[in-house]
Every structure is written in structure tokens, then in C-alpha cells.
Amino acid sequence: MPLSRPDPDDDHPDDSRYLDGAAGALGIEESSGEGRALQAGRNNLQQLVQLRWLAAAGQFATVLSVHHALHIRLPMPEMLTLLAVLVLFNLACWLRTRWVPSVRNAELFAGLLVDIAVLSGQLYYSGGVTNPFIFLFLLQIAVGAVLLPSRYIWFTVAVTGGCFVALTQWHLPLLVPDMEGLSLPTHYIGGLLICFAINASLLVIFIQRIGRNLRQRDARLADLRQRAAEEEHIVRMGLLASGAAHELGTPLATLSVILGDWSRMAPFAGDPELREEIEEMQVQLRRCKAIVSGILMSAGELRGEAPVVTTLQAFLDDLVTHWRATRTHHGLDYQPDADLPKVRIVSDVGLKQMIDNVLDNALEAAPGRPVSLRALIEDGQLVLRITDHGAGFLPEMLERFGKPYQSSKGRPGGGLGLFLALNVVRSLGGRLQARNRPAEEGGGAEVEIRMPLSALEPLGLPDNAAHDAG
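Mapping of the sequence shown onto my numbering: residues 3 to 472, in sequence order.
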């Protein structure tokens, strides 16, 4: 089923002028979820690089201060070598942020493991768990909890915990003059380990919750921005369509007068073939006028048009009758549910145009083959299933179904039909979905429209006797 609604045979370039202009002026920029995640990974790597520069500077200052100011003997060559490795690694990460547009979580995790390894090495050469800086492992966990998904965070906790335990057994003693010959008791080491585990777990839980809330907030803001952009484009498309309708009014009126004169001229009236062609032209001209009137009515530019209360059965019958009358060479298999006559709704021009548009898309998918429309009530919702016997949707079209300017026809302005249909349904609290039918169901595509009946029912509007069959 195509994702656009061009004119039959694509032989009306003037009609597509408005859509082409809209496509150029109203493009919606979107990025996939994976693309946003990769961009976020790059931003996180930049943050990690900045933190690592601070950590390297802090380690350098601490080592020099402890060795020279506090006169605590440290293995300076080994510790400065580890620090140089950290600086070189961070320089490589900085260059990566300059050259590569996206970074995955696995790369961030690998960088965090390097930080843990360097910190473990520094602690090994400076007293292990007797070093008061042992709890810098918690900083590594905090950074991981902010930047990485859960599976990486708990693995980080396990790695740092393992390093903590290893440092209780293997380390070079910190040669502090007042503590030479002293050793830490076992219960003290156990208490340190328990304290570390409790702090690490609580840190992960709280930071994860904060991060999850922030991600949910960002997702909601992104959805709101996308919705606002789409609604702005719909308004601009409405203004564009209204302007086009005004421009078309005069030439359509002129054509109507000319065709009326021709139908009364003897050369045309006496030729059955010419008379039939003129009648067909008049039918199509009336259809064009009805479309123009519908556009202006939807834009609120026709006065004296009040909403009409009717039954759902009558609304759909009128829609199907009009669709069949204006598309005389194509079939529509209409299957209404028996419960439809009991439902009363407000007849809405926008709703009718939306259903017409989806039917036209189905017709264009398989020219010459009938289109099926099934209407039923399910769980307090009106369900319309429109099927065709065409080739179905391409996978990439299903992924971006209802997005503007995504068409199988490869021309600017495509995809507006289903984009606008989706927004009409959404404004009524419903949803519009598409799928490809399997071969055992006859193949082709199916578009399902679901709308709550409460959004269609009349609210304080007078019944119209001509339309209310209830």
C-alpha cells in the first residue's frame, strides 16, 4: 500500500506543486533510537575524558605531596609510569571523540575498566586497603552508574569488589613512620569490605533511579517536541491546503460553466460518445468542488455548516456510496458489523476525508483489484480494517509508518496522506496501525483504524432528522 496519495496516472503536475513546496519547507528531522544512543555515548565519553584529566592531575599532585611533603616513601617510578599510561590512554580517548561521531556503551565500559586497573595499581604500590584512598573505587562505581546500563554497572561493582579483596591480601606496605610494623586486624578488613559493599550497592541503586528518571523525562520531552513539530506542520499544511482551495475555486467554476454550455450545444448533445465524456467530466468536476469545499470546511471557512448527528451506519453508508460514485471503475467490498446501526455519532468532514484517503491509498496499491473495508465495534471502539491485494509495505515503511514524506513513489511530498490520517486518528484518542497480511490471508496490506466511540458521540448537539435513523 503506497504511503502517498497522488492524482491518478500522475499526470497533474500543478496539483503536486503544493505538496512539493510543502515537502521542501516542512521536512521533519528525526533520528532513530540507536542513533540517539550512539550520540549520547560520544557525549558520555567526552565527560569521562574530562573526569579522567582531573583524576590524573589529582593523582599526580597527591603522589608528589605524599612523597615530598609528608616524607612517606613511595615507589615513584612505578606509580608515575601508571600515571603516564593513564594520560596516554586518555589522550587516545580524546582523539577518538574528535574523529568518531558515535561511541557504544561497551567502549565506555572498557575505558572504565582501565581506570579501575590504574587505580588498583596505584593502591597496590601504596598500602592497599590501608591507603585511605581505597574508597575512590566508589567514584568509579558512581561514574559507571550514571553513564552505563545496569548490566555494566553491576559488573563494575563486581570488578571493583574483587580488586578491593585482592588489595587486602596483596599490596606493598605503606611505609608511614608511625605505623611501621603494624598490621590491620581481620575483623577490621571484614568491616571495610562490608562497608564497601553496602556503599557500592546503595550508590548504584540511587544513581540508577535518578538516571532512569532523567532518561524517562528526556524521552517524554523528545516525544513532546516531536508532537509539537508535527502539529506545527499540520497547521502549516492546513494553511497551504486552504490557500490552494481558494486558488482552485475560480478555475473550477469556469470549467463548470463551460461544460454546462457544451452539454447543451448540438454537436455535443447529438453525439452519445461525446455526451458521455462530458457527463464523466462533470462528475469529476463535482468531485473536485466537493474536495475544495471539504478543505475549506475543515479550515473553518464555510459559514452556516453545523455538525450533523447521525448513526455510524448512515455515516459509513454515505461515505462508501460517495467513494464508489466518484471512483466508478473500482470496487469496494464493504462489510459492516450488525451492531453499527445502534451507534450515534457526529458526522465530521475531517474524519470522512481521512477514511477516504486511506481507501485511496489501498486502491493505488493494487489498481483494478477490489479494496475491502470492514467496520465493527470492539471494546467500545470503532474498528475499521482496510485491506488491499497489492505487494504490501516494505519493512522500512512499516518502521516509519505514518511519518511525513516517506513514500514508495520516490517523489517529494509523498507520505502526507497517511501522516495526516494518523494525526486525525490520534486527535480522537485512537491509533492507526499497518501490517502485511500473510499469503494464507490473501496477501497485500492491512491498515487498522481504532477510535473510541466516546470521541465520536454527540455532546449536546441537536439531532438532524434527515440523518438520524435511531
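Cβ atoms here follow ideal geometry from the backbone N, Cα and C, with glycine treated the same way.
Proximity of residue i and residue j at Cβ, strictly below 8 Å
i	j	result
S128	L176	yes
L88	L149	no
G146	L195	no
Y154	N107	yes
V449	I388	yes
L287	L314	no
G130	L169	yes
T312	S349	yes
H391	A368	yes
A342	L361	Rather than Ala, the amino acid found at residue 342 in this sequence is Leu. Going by C-beta atoms, L342 is not nearer than 8 Å to L361.
D164	A199	First, the residue type needs correcting, since residue 164 is Gly and not Asp in the sequence shown. Contact flag unset, no.
S473	Q210	Not covered by the structure: residue 473. The range shown for the chain is 3 to 472.
L375	L384	no
H173	L125	yes
F166	F135	no
V294	L250	yes
Closest residue to residue i among the options (Cα-Cα distance)
i	options	result
P338	L420, A441, A367, E380	E380
L400	L386, L434, L430	L434
H324	V310, K354, T312	K354
L84	H73, A246, D117	D117
P454	G445, G446, I143, V427	V427
N46	P103, M81, A86, L72	P103
Q48	H173, A86, F62, E109	E109
R329	P372, V345, S295	P372
L424	P460, L365, N359, P134	N359
F403	R326, L422, D335	L422
L82	C95, H73, V120, I451	V120
W382	R452, D335, G445	Note that residue 382 corresponds to Gly in the displayed sequence, not to Trp. For G382, the nearest C-alpha among the options comes from R452.
N363	E275, L334, K344	L334
Same chain, Cβ closer than 8 Å to residue i, five either side skipped, listed in chain order
i	result
R277	S265, F270, A271
N92	V51, R54, W55, A58
H69	R75, L76, M78
R44	T99, V102, P103, S104, V105
L365	R329, H332, V373, D390
C95	L47, L50, V51, R54, G113
D263	none
Counted within 10 angstroms of its Cβ, other Cβ atoms place residue i as buried (16 or more) or exposed
i	result
M78	exposed
L66	exposed
A316	buried
A292	exposed
I260	exposed
L223	exposed
R346	buried
E281	exposed
G29	For G29, the pLDDT reaches just 38, beneath the cut-off of 50, and the residue's location in the model is therefore unreliable, leaving the point undetermined.
L420	buried
A436	buried
T252	exposed
T256	exposed
V310	buried
M356	buried
Sheet register partners of residue i (DSSP bridge)
i	result
N438	A447
D335	S374
I347	T312
P454	Q383
R433	R452
I388	L375, V449
L177	R75
Sequence-distant residues of the same chain with beta carbon closer than 6 Å to residue i, five excluded per side
i	result
R98	none
A457	L430, G431
Q61	L85
E32	Low per-residue confidence applies at E32: pLDDT is 39, beneath 50, and the placement is therefore not dependable enough to give any value.
C290	L254
Cβ-based neighbour list, residue i, same chain, cut-off 7 Å, excluding 5 preceding and 5 following
i	result
F111	L150, Y154
R413	Low confidence applies to R413: its pLDDT is 41, below 50, so where it sits in the model is not reliable, and the reading given next is rough at best. Correct list: empty, nothing qualifies.
N438	G394, F395, A447
I143	T158, V159, T162, A202, L205, V206
E459	R346, I347
M283	L261
N133	L125, L176
Y336	V322, L375
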